[in-house]
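**Q** Under this note's numbering, think of the first position of the sequence shown as 5, with each following residue one higher.
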Amino acid sequence: MKKILVYLEEKNGSLKRTSAECLVAAQSLGVPVVGLSLGATSLATQAAEYGLTDLIRVEGDAFRSYSSQLAARAIADTATAEGCDVVVFSANSSGRELAPRVAIRMEAALLCDAVEMHAQDGSVQITRPIFAGKAHDSLRSLTANTVVSLRPNVFTAKKSASAGSCSERVQQSTLSASDAKVVVKNVVRNEGKLDVLEADIVVSGGRGLKGPEHFELIEKLAASMGGAVGASRAVVDAGWRPHSEQVGQTGKTVSPKLYVACAISGAVQHLAGMSSSKVIVAINKDKDAPIFKVADYGIVGDVFDVLPKLTERIAHLGGAH
Ligand code: FAD
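#1: Given this structure, state the Cα-to-Cα distance separating Leu59 from Ser41, to the nearest angstrom.
#2: By DSSP, does Asp327 sit in helix, in strand, or in coil?
#3: Nearest by alpha-carbon distance to Lys286: which of Gly270, Val187, Gly230 is it?
#4: Verify the contact flag: His218, CB atom, against every heavy atom of ligand 1, threshold strictly below 6 Å.
#5: Could you tell me the distance, in whole angstroms, from the CA atom of Asn157 to the CA atom of Tyr11?
#6: Does the contact criterion of 3 or more C-beta pairs under 8 Å hold for the stretch 137 to 150 versus the stretch 174 to 188?
#7: For my contact list, Thr254 and Arg237 are in at a C-beta cut-off of 8 Å; report their separation, rounded to the angstrom.
#8: Cβ of His274 within 6 Å of any heavy atom in ligand 1?
#9: Do Val128 and Val90 come within 7 Å of each other at the CB atom, strictly closer than that value?
#10: Could you tell me which residues DSSP puts in a beta bridge with Cys266?
#11: Cutting at 7 Å between CB atoms, please list the residues of its own chain near Cys88, excluding the five before and the five after it.
#12: Within the stretch 223 to 255, note down every full alpha helix (DSSP H) run reaching 4 residues or more, in order along the chain.
#13: With DSSP collapsed to three states, give me the class of Phe93.
#14: Measuring CA to CA, which of Ala80, Glu101, Thr45 is closest to Gly64?
#15: Using only the alpha-carbon positions, how far apart do Ser142 and Leu114 sit?
#16: Using the Cα positions of Leu262 and Asp204, report the straight-line distance between them to the nearest angstrom.
#17: Classify Cys170 as helix, strand or coil using the three-state DSSP reduction.
#18: Who are the near neighbours of Ala52 in its chain, counting only those whose CB is closer than 6 Å to its CB and skipping five residues on each side?
#19: Tell me which residue opens and which closes the beta strand (DSSP E) that Ala113 is part of.
#20: Using a 10 Å radius around the Cβ and a threshold of 16 neighbouring Cβ atoms, would you call Leu146 buried or exposed?
#21: Let me check one thing: in DSSP terms, what residues is Ala139 bridge-paired to?
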């Protein structure tokens, strides 16, 4: 392992926490690290807080709207030009799309969804959950180049005590928007909604809520703690909630500080998406529901009774923070 490139993302001008997690994890491997961002926003000041000293920003009209094809080309080209043999992404939605594309371009091994990452015998070794979280797999790259993606919210985005400044090298991309084979025509934003992938607290509802109108109970509890609303697949399939909120094997994998599962049975496919949460609270009227096996705290009770009381109590205490 010679040098690591970390792909950095921003949202509304701020460095994404998932990118900060990648920066801190990459710097722990003991080889030089360079950050890479695409587009007009400078992330140097924010990245410096996490110990980064060298950042490349590639700008140009190719990055005015999102194109995974052009972004992957720019990332792979920059990694090669910089002599980076490891590229690190967050395993968030864009990382899941970009990491395989970059791996193909760099003829690299692809180690996905790591919950641990180490340097081992000069290469990268990761651990990742498999079989819906029932087992863990250890993988070590044996190729010259390696692309790694890190599961969001597992690695700690701790600011560096000795943070200095970060130099930024701005490069004009030779790519143009017209090089894209697929064009994004429209982006619909979930304005104001906190994404389950980025929230410290996620409150999820399941089929036991009986209908979409009762998700108000989940929204109120989430709002009282500054959290995001999640959902089981059963309620997403029923059309009660959007797929963007689905947690689980075929939804999003979350690892918040607090996960509250309300009227969710705890099927293995749901557990696959939330069992690495730091603290799990389950509310279910069935004391034998499988969700209680992974819960740190369990309330055996009716959500229609428990949720209003919990929300009121938390609001009374001034929220969870
Ligand atoms: P249910 O299993 O119906 O559970 C409802 C729970 O609510 C029960 O435990 C019940 O005791 C409780 N309850 C009922 N009324 C109340 C009340 N008043 N108060 C308190 N508790 C109450 N699922 C996912 O969630 N995410 C996925 O990504 C996912 N991917 C899948 C992929 C595949 C290939 C397959 C086959 C399945 C997948 N599933 C996924 C579906 C999964 O197997 C379950 O069917 C689903 O998670 C069940 O959702 P649920 O817990 O909301 O509903």
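Even for Gly, the Cβ is constructed at its ideal location relative to N, Cα and C.
**A** The relevant details are as follows:
#1: 8 Å
#2: The first residue shown for the chain is 5 and the last is 325, placing residue 327 beyond what the model contains.
#3: The residue you asked about is not Lys; residue 286 is Ala in the sequence shown. Checked all of Gly270, Val187, Gly230; the closest Cα to Ala286 is Gly270.
#4: no
#5: 16 Å
#6: no
#7: 6 Å
#8: yes
#9: yes
#10: Gly209, Ile287
#11: Lys7, Ile8, Leu9, Val38
#12: 237 to 241
#13: strand
#14: Thr45
#15: 13 Å
#16: 7 Å
#17: coil
#18: Ala167, Ser169, Cys170
#19: 113 to 118
#20: exposed
#21: Ile134
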